[in-house]
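Trainee:
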Ligand SMILES: [Zn+2]
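In our numbering, the protein residues as written are 292 to 717.
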């Protein structure tokens, strides 16, 4: 692991100086995907008493592996430091809970799940998803490393074991509670530093005829739509279908279906099974999506390089908008304090000189400050009092939901702004 204080090599030397090795295939990492400079951990929130203290910043520099083409960050901070007390309660997003409900209602008939089955979710958070299987009479088990969110799950009737997932956890759970007929994980595959231990664990946890589903943001969408703010330290891998398929195959798991979802700016939901289980046939839409990535160059190193130029242009456009708004004496506030907002604010250097404050519906974040940029996080009602001209929506993937909730800003002529894929005022 590289020390946080060591500078990364200058661009012209990078092909010669490797900084670490690929988390999947161990090849030396030498090719930059995008370099977002130094940034603090995006899920840390600064308490008022910490305002006079320093904060650690780490390089936010994504590389692409020349051999397996996995786009990735180095691990600077262990998941134990990030995820054991987690500020993100999934249930605060009503659209995400609805998404989970539709998922449960689709999986039960498709795979014939019932009282005889077991559904297990890795990184089950506060039970936002498994509660829907409980309501449908299907036994569940949540596996969640953050004790505070796991407690909320248990309180809503979702049995949850507080552990990180990997081969060791899978062996223990399989021995004590059996294997999973449906094993799922949403927005977790990209967040595990040891992807081989994680996918290897799924192989052990899955019943012989069972199905895995995993959702993760799709790298093709990230690149096409400038979603560079979804790059943050807790998000270790940036996944294309072809890279994920290679990793699963290495662990004896075959992907047999894939869906494209609108969530998180464009995600994939992959369906996996044991390679030995030939009953579930590979679908035509999977073959089509794989081919689309190949046609788009995802098996060539060149496709990944040069993304940084696109990112710099996006930064300039956002700053140009903010400078102009402030020059015209307009009041601008933020909406939301998500991880992606912190990458955007730090990379672009946006502090209280541009945003008076931001708001978040999660009471856990209210009264705190954004990491690095130290912007106050207040309750959403503060927008009504402040009557801003512009509300910059930081979780742009939830822009419809937020614009509906805060539509009252129209009363005084307020407008919404999203920064990604490029600045849009509406
Ligand atoms: Zn690799």
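Backbone N, C-alpha and C define an ideal beta-carbon position, used for all residues, glycine too. Keep in mind the model is a prediction, meaning the values are calculated, not measured.
#1: Specify the secondary structure class of residue 634 as computed by DSSP and reduced to three states.
#2: Starting from the Cα of residue 448, find the closest Cα among 473, 424, 481 and give me that residue.
#3: Please classify residue 585 as buried or exposed, where buried requires at least 16 other C-beta atoms within 10 Å of its C-beta.
#4: Please look up how many angstroms separate the CB atoms of residue 646 and residue 683, rounded, as I've assumed it's under 8 Å.
#5: So, are the CB atoms of residue 700 and residue 665 less than 9 Å apart?
#6: Going by the C-beta, is residue 323 closer than 8 Å to any heavy atom of ligand 1?
#7: So for residue 678, helix, strand or coil by DSSP?
#8: Taking any heavy atom of ligand 1 as the mark, which residues have a C-beta closer than 6 Å to it, listed down the chain?
#9: Per DSSP, which one or two residues make a beta bridge with residue 718?
#10: Report the CB separation of residue 533 from residue 577 in whole angstroms; it is logged as a contact under 8 Å.
#11: How many angstroms separate the CA atom of residue 690 from the CA atom of residue 467?
#12: Please report how far the alpha carbon of residue 563 lies from the alpha carbon of residue 405, in whole angstroms.
#13: How should residue 695 be labelled, buried or exposed, when 16 other C-beta atoms within 10 angstroms of its C-beta is the threshold for buried?
#14: Give the C-beta separation of residue 355 and residue 324 to the nearest angstrom, bearing in mind that I take them to be a contact with Cβ-Cβ under 8 Å.
#15: Just mark residue 363 as buried or exposed, buried being the case when its beta carbon has 16 or more other beta carbons within 10 Å.
#16: Determine the direct distance from the alpha carbon of residue 601 to that of residue 383, and round the result to whole angstroms.
#17: Kindly indicate which residue of 330, 547, 431, 335 has the alpha-carbon position closest to the one of residue 635.
#18: According to DSSP, is residue 491 part of a helix, a strand, or is it coil?
#19: Report the three-state DSSP secondary structure of residue 345 (helix, strand or coil).
#20: For residue 659 and residue 337, which I take to be in contact (beta-carbon distance under 8 Å), what is that distance rounded to the nearest angstrom?
#21: In the DSSP output, which residue or residues are listed as bridge partners for residue 412?
#22: Does the stretch 470 to 483 come within contact of the stretch 521 to 536, defined as at least 3 CB pairs closer than 8 Å?
#23: I want to know whether the stretch 505 to 514 touches the stretch 552 to 560 - three or more CB-CB distances under 8 Å.
#24: Please state whether DSSP places residue 720 in a helix, a strand or coil.
#25: Taking all protein chains shown into account, do 16 or more other C-beta atoms lie within 10 angstroms of the C-beta of residue 294, making it buried, or fewer, making it exposed?
#26: Just to confirm my understanding: we take residue 716, look at its own chain, exclude 5 residues before and 5 after, and list those with CB closer than 6 Å. What are they?
#27: Is the stretch 649 to 656 touching the stretch 340 to 352 in the sense that three or more CB pairs, one from each, lie closer than 8 Å?
Mentor: A quick look at the data gives this:
#1: helix
#2: Nearest option by C-alpha distance: 424.
#3: exposed
#4: 7 Å
#5: Going by C-beta atoms, residue 700 is not nearer than 9 Å to residue 665.
#6: no
#7: In the three-state reduction of the DSSP assignment, residue 678 falls in the coil class, being assigned neither a helical nor a strand state.
#8: 313, 315, 316, 318, 356, 358, 359, 361
#9: Past the edges of the chain, shown from 292 to 717, lies residue 718, and the structure says nothing about it.
#10: Rounded, the Cβ-Cβ distance is 11 Å, inconsistent with contact.
#11: Rounded to the nearest angstrom, the gap between the Cα atoms of residue 690 and residue 467 is 43 Å.
#12: 20 Å
#13: exposed
#14: 5 Å
#15: buried
#16: One C-alpha to the other measures close to 32 Å.
#17: 330
#18: Residue 491 carries a helical assignment under DSSP once its states are collapsed to helix, strand and coil.
#19: coil
#20: Between residue 337 and residue 659 the Cβ distance is about 6 Å, and since that is below 8 Å, they are a contact.
#21: 433, 475
#22: yes
#23: With the cut-off at 8 Å, the stretch 505 to 514 and the stretch 552 to 560 touch.
#24: Because the chain in this structure spans residues 292 to 717, residue 720 falls outside the shown range and cannot be described.
#25: Legend: pLDDT at residue 294 = 40, less than 50; position of this residue unreliable, no value from coordinates given.
#26: Closer than 6 Å at the Cβ level, and outside the excluded window around residue 716, lie 706, 708.
#27: no
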